[in-house]
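In our numbering, the protein residues as written are -17 to 314. Just so you know, even glycine gets a beta-carbon here, dropped at the ideal spot from N, CA and C. Okay, structure first, notes after.
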Ligand SMILES: [Zn+2]
């Protein structure tokens, strides 16, 4: 991967290129934006730019072929650190920041980033799933964010500024990412072999609505079928919410035995309903139907709140019940 094949986000690239050239690159960044639009890859590209052994960082053009570039791409560069939420866990653990109990402060990201860089340049760290840092994890990370080792860079990857604790937010430079443009998505659909030709690519790009995550749905026939049945049920009056709830829980459970897989599926299902309500909202605005406008806005708000809770609660099935009961009372 080089900057030529990296899709979109030109404003953010320009901003980093300037900061690197003028030698005023900050140390801690919060990359905020929708899921699967390229924030992690962006952080990796910046790491390559800074660690490439062939091209100077100021050129903002890592060669992609030297040992450092290859190692960053593979995640094996000794100066590249990355943590992410472990499988089956709902949050990043404090051990990942400051080491396991028997080895506290002698392992983990906050420890390793203070080590002398092998390359003689700098350490670069990525904290993925930063939406799930939690208070304990945040407290262990604060000192590192406050006094980062000279030259080091930390990227926190997040989907929403609201989900960051103020103590974290205030110590980071926020870089916002938007959804990918339809043109970028069409290029990607062709590159990944999802589309049969440019016309097909355009159609897929429109459906994907700015996110690569939606590609997964487009490729999954069963899920696409379920989506259309679910939305049909949602639009049927009277709204049969026990049936709706049951369908959701069954589908969520079918995502696998892993608790995180279920939660990710549930977020996707809630997203189906939210996008559907957004479409209906546009229709209601066009026909100036105030009752419907109010109802759709309330439904959308309820969906957003539900998605934010998915990772925080112990029993996702209880959330499904509460959420669909609220939908029943809000829809007209
Ligand atoms: Zn290189």
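If you draw a straight line from the Cα of residue 216 to the Cα of residue 255, it is about 8 Å long. Taking all protein chains shown into account, residue 85 has fewer than 16 neighbouring C-beta atoms within 10 Å of its C-beta and is therefore exposed.
With contact defined as three or more Cβ pairs closer than 8 Å, the region 92 to 106 and the region 146 to 157 are not in contact. Taken through DSSP and simplified to helix, strand or coil, residue 254 comes out as helix. Remark: the shortest separation between the CB of residue 71 and any heavy atom of ligand 1 does not fall under 8 Å. If you ignore the 5 residues before and after residue 75, its C-beta comes within less than 8 Å of the C-beta of 68, 119, all in its own chain and listed in chain order. In chain order, 127, 130, 136, 153, 154, 155 place their CB closer than 7 Å to the CB of residue 10, counting only its own chain and leaving out the 5 sequence neighbours on each side. Taken through DSSP and simplified to helix, strand or coil, residue 13 comes out as strand. Of the heavy atoms belonging to ligand 1, none sits nearer than 8 Å to the Cβ of residue 262. Residue side-chain check: residue 39 keeps its Cβ at 8 Å or more from all non-hydrogen atoms of ligand 1. Inclusion of residue 79 and residue 31 in the CB contact set at 9 Å is not warranted, their separation being larger than that value. In the DSSP assignment, residue 216 falls within the alpha helix (DSSP H) that extends over 203 to 217. The alpha-carbon separation between residue 43 and residue 158 amounts to approximately 22 Å.
With contacts defined by Cβ atoms closer than 9 Å, residue 208 and residue 178 do not form a contacting pair.
If you draw a 10 Å sphere on the C-beta of residue 81, you find 16 or more other C-beta atoms in it, and that means buried. Annotation: the region -12 to 72 contains the following complete segments of the beta strand (DSSP E) (minimum length 3 residues), in chain order: 10 to 14, 62 to 65.
According to DSSP, residue 155 shares a beta bridge with 11. Comparing alpha-carbon positions, the option among 228, 91, 187, 161 lying closest to residue 298 turns out to be 228. With fewer than 16 other Cβ atoms from the protein chains shown falling within 10 Å of its own Cβ, residue 268 counts as exposed.
When the Cα atoms are used, residue 203 and residue 249 turn out to be separated by approximately 18 Å. Check the Cα spacing between residue 12 and each of -12, 47, 113: the tightest is with 113. By the beta-carbon neighbour count (other beta carbons within 10 angstroms, threshold 16), residue 26 is buried. With respect to residue 15, residue -12 sits apart: the two C-beta atoms are not nearer than 9 Å. The shortest C-alpha to C-alpha distance from residue 221 to any of 121, 311, 124, 302 is the one to 311. Bounds of the beta strand (DSSP E) holding residue 137 are 135 to 140. A distance criterion of 8 Å places the beta-carbon of residue 50 in contact range of ligand 1, judged by its closest non-hydrogen atom. For residue 190, no beta strand (DSSP E) encloses it; the enclosing alpha helix (DSSP H) starts and ends at 180 to 190. For residue 60, the CB stays at least 8 Å from every heavy atom of ligand 1. Only exposed fits residue 272, as fewer than 16 other CB atoms lie within 10 angstroms of its CB. If you compare the alpha carbons of 133, 231, 160 with that of residue 142, the shortest gap goes to 160.
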